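2 protein chains.
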Amino acid sequence: MFGCLVAGRLVQAAPQQVAEDKFVFDLPDYENINHVVVFMLGTIPFPDGMGGSVYFCYPDQSGMAVWQLLGFVTNEKPSAIFKISGLKSGKGSQHPFGAMNLPQTPTVAQIGISVELLESLAQQTPVASAAVSSVDSFTEFTQKMLDNFYNFASSFAVTQAQMTPNPSEAFIPANVVLKW
Amino acid sequence: MFGCLVAGRLVQAAPQQVAEDKFVFDLPDYENINHVVVFMLGTIPFPDGMGGSVYFCYPDQSGMAVWQLLGFVTNEKPSAIFKISGLKSGKGSQHPFGAMNLPQTPTVAQIGISVELLESLAQQTPVASAAVSSVDSFTEFTQKMLDNFYNFASSFAVTQAQMTPNPSEAFIPANVVLKW
Chain C
1 MFGCLVAGRL
11 VQAAPQQVAE
21 DKFVFDLPDY
31 ENINHVVVFM
41 LGTIPFPDGM
51 GGSVYFCYPD
61 QSGMAVWQLL
71 GFVTNEKPSA
81 IFKISGLKSG
91 KGSQHPFGAM
101 NLPQTPTVAQ
111 IGISVELLES
121 LAQQTPVASA
131 AVSSVDSFTE
141 FTQKMLDNFY
151 NFASSFAVTQ
161 AQMTPNPSEA
171 FIPANVVLKW
Chain E
1 MFGCLVAGRL
11 VQAAPQQVAE
21 DKFVFDLPDY
31 ENINHVVVFM
41 LGTIPFPDGM
51 GGSVYFCYPD
61 QSGMAVWQLL
71 GFVTNEKPSA
81 IFKISGLKSG
91 KGSQHPFGAM
101 NLPQTPTVAQ
111 IGISVELLES
121 LAQQTPVASA
131 AVSSVDSFTE
141 FTQKMLDNFY
151 NFASSFAVTQ
161 AQMTPNPSEA
171 FIPANVVLKW
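Quick mapping for you: the protein sequence lines, in order, are chains C and E. All the letters of the first sequence, read from the start, carry residue numbers 1 to 180 under full-length UniProt numbering. All the letters of the second sequence, read from the start, carry residue numbers 1 to 180 under full-length UniProt numbering.
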């Protein structure tokens, strides 16, 4: 379902499946990695309403796994380039790989992909420095936030027939959000 | 043999083979592309002493194909990320796709891969702005230039037995170049 490519190295297309909805690629010699590409192979799409959160995991000085959220892949955006070279001193983020107990090797990092509801992804904020370059990162990040907001907002969309009568509650037409 | 991935889109793994040693991927809607990843699938390596030069081709205002050298893939460096968003107004470079007469469509660009001798690749200089980010680009470009220089220089390497007697000609031991 997923492929992973470290810039300069051979592509990997066979992640370790550590849970029904969780996939892990090993990144040997991660200190010498700048960019990682994560992509869907195009064979199996995500189930409707689902997408993947992409995490970078590396061992800290005491050998504990630090997980950082890089971003997302979805059926609509089935690939992404992440810059991991600046992340090795950052703080970990909340992550869904806690129960996995993946063995940590000092020179091996991991890319973890967790298949989750799009609504859940929309509420997660990737580390900003993981985006590929400053200009793109800003554009892409802003676009992603807007997309997230639209997905998030439209998950609450109702038709007038579904509205509970409450004249003081304001509604925004969904196509206004989409156009914006 | 090759794959091509536009960041954000689905991977392509079936280039059009336009000559025995030349492969082309179409990039629809290229105006909205920032980064392209070119990689070997890992199935068939280059023949010994061969590698691939990677070109970006886009139609200029009059519909003529402009080709720009992005960089290289080799068995030792089987993947690379290129930034093409800054290239659309640049000048074309010499390229080996002249006789191909690839049809140009206004919104479709191409990635062309030409399989050539490593010695020939070493004498080609990619457009500097195609490297992924300014810092990496400099490091990678410098490294590439050094690699190119080493490959280029070592193609002239001789042993003392092969030297034509000429006491005024200076020689540099090959391992000095390699260490540098």
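C-beta atoms are modelled at their ideal positions from N, C-alpha and C, and glycine is treated no differently. For clarity, every value in this text was computed on a predicted model and none was experimentally measured.
- Leu121 (chain E): member of the alpha helix (DSSP H) spanning Leu118 to Leu121, first to last residue.
- Between Val132 (chain E) and Val132 (chain C), the CB-CB gap stays under 8 Å.
- With its beta carbon at least 8 Å from every one in chain C, Met100 (chain E) lies outside the interface.
- Taking Tyr58 (chain E) as the centre and dropping the five residues before and after it, the same chain places the C-beta of Tyr30, Val66, Lys88 and Ala109 closer than 7 Å to its C-beta, in chain order.
- Secondary structure at Ala80 (chain E): strand, using DSSP grouped into helix, strand and coil.
- Per DSSP, the unbroken beta strand (DSSP E) holding Phe23 (chain E) starts and ends at Lys22 to Pro28.
- Interface annotation, Ile84 (chain E): not in contact with chain C, CB-CB separation never under 8 Å.
- For Ala13 (chain C), the three-state secondary structure derived from DSSP is coil.
- In terms of CA proximity to Phe82 (chain C), C:His35 leads the group C:His35, C:Pro15 and C:Gly3.
- Residue-level contact by beta carbon fails for Ser53 (chain E) and chain C, as no gap is shorter than 8 Å.
- Look at the beta carbons and you see the stretch 32 to 51 of chain E touching the stretch 73 to 81 of chain E: at least three pairs across the two are nearer than 8 Å.
- Residue pairing by DSSP puts His35 (chain C) in a beta bridge opposite C:Lys83.
- One finds nothing in chain E with a Cβ atom closer than 9 Å to the Cβ of Leu121 (chain C); even the nearest lies about 16 Å away.
- Within chain E, the C-beta atoms nearer than 7 Å to that of Gly42 (chain C) come from Leu10 and Val11, in chain order.
- Put simply, the CB of Ile81 (chain E) is near chain C, with a gap under 8 Å to one of its CB atoms.
- The C-alpha of Pro47 (chain C) lies about 24 Å from the C-alpha of Gly98 (chain C).
- Inter-residue distance for Ala122 (chain C) and Val24 (chain E) is about 37 Å (C-alpha atoms, whole angstroms).
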